[in-house]
Amino acid sequence: MLNLNLLDNDIDKNVSNSKFPKLEQLSPTSLHICIYTLFKRQLTPFSLLFGFDETFKVAELNHQVYADLHDYTFLIGRETKFKIPAWEKINSLKNELDSNSSCNWFWFADADLYIVNKSVSLISLIEEAIKVHSKNNEHELEMIFGQDYSDFVINAGSFLIRNSLFIKNFIPFWLDLEKENYPLAEQESFAVLYKQNFLNIQKRSFITPMRTINSYCKEHEIERLRFHDGDFVVHFPGQCKQRHKSFVKQNKHLLVNY
């Protein structure tokens, strides 16, 4: 188990002395966004059962169309060395941050998530989160998540992360929890770190209402998590999985058109 009894003084010192631009030094028009999605190459009986080979193709086009409309950079992951592919998102974080230094923020969006309201601007979402977060908070904003069930804290199917020295220092600790084999993988591992306020992560994160960046399907049992008309995205994890294929079939043209 990761030793969480670590002081963050060294990291704070390094962050304060880093050459990364402060958020207040960046105007909204100067922010550049990268979108990252992992699409597994290998098919499994589960993916074949739910027709995910086809839905993933639609998701890839959908994410690309959205990125093109807003002049964002769309990045695709294809391979994973992890038994649970969700961990590849976290493993790839540092490499993507280093390889795409021009990107100030990254949006990590799962392959079963679709942008429905393409007019929504990630930059506007980030700017609003910074505005709220900066009130009585001495730490810069590093991560933005949607509020999931209270026990889960967040859902990692859609989150925004800043390209910063702090994040590059934080990622190895998050990834180290992969060996704990938590049932909810990277999501539950983040909840462990968040609940213990590891490296003051609570003051560096913004937990927004779920539907801001991560609405679940309309049939979800919890109303506040369900997709409503006009929402930014719709996501199909857990109890929504069986609705995934039919949604894509019915809305394919809407999802892939500019």
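Converting from the sequence shown to my numbering requires adding 255 to each position, the first position being numbered 1. Think of the CB as a built atom: it goes at the ideal place given N, C-alpha and C, for glycine as much as any other residue. Quick caveat: nothing in here was measured; it's all calculated off a predicted structure.
Query: Simplified DSSP assignment, three categories, for Tyr291; Result: strand
Query: Cα-Cα separation between Tyr369 and Gly493, rounded to whole angstroms; Result: 16 Å
Query: Glu476 beta carbon less than 8 Å from that of Cys495; Result: no
Query: Through-space distance from Asp367 to Arg498, alpha-carbon basis; Result: 11 Å
Query: Glu393 versus Val387 - alpha carbon distance; Result: 12 Å
Query: Exposure of Leu278, with buried meaning 16 or more beta-carbon neighbours within 10 Å; Result: In this predicted model, Leu278 has a pLDDT of only 46, less than 50, meaning its place in the structure is not dependable enough to derive any value.
Query: Where Gln451 falls: helix, strand or coil (DSSP); Result: coil
Query: Distance between Ile416 and Phe445 (C-alpha atoms, nearest Å); Result: 13 Å
Query: Residue burial classification, Ser405 (beta-carbon count within 10 angstroms, cutoff 16); Result: exposed
Query: Integer-rounded CB distance, given that Arg459 should sit under 8 Å from Phe421; Result: 7 Å
Query: Proximity below 8 Å, CB of Val447 to CB of Val371; Result: no
Query: Span of the beta strand (DSSP E), counted from its first residue to its last, around Phe402; Result: The question names Phe, but residue 402 in the sequence shown is Gln. Where Gln402 is concerned, the enclosing beta strand (DSSP E) stretches over 398 to 402.
Query: For Phe363: DSSP bridge partner residues; Result: Tyr291, Phe414
Query: Within the region 316 to 374, ranges of the alpha helix (DSSP H) (whole runs, at least 4 residues); Result: 341 to 354
Query: Inter-residue spacing [alpha-carbon to alpha-carbon] between Lys336 and Ile345; Result: 12 Å
Query: Rounded separation between Gln280 and Ile381 - CA only; Result: Unreliable placement is indicated for Gln280, whose pLDDT of 44 sits below 50; no coordinate value is reported for it.
Query: Asp403 versus Phe311, Lys390, Glu443, residue with shortest Cα-Cα distance; Result: Glu443
Query: CB contact flag (Phe414, Phe482, <8 Å); Result: no
Query: Rounded C-alpha distance that separates Ile378 from Thr467; Result: 13 Å
Query: Contacts around His318, its chain only, beta-carbon distance under 8 Å, and the 5 residues preceding and following it disregarded; Result: Ile290, Thr292, Phe329, Ala364, Ile370
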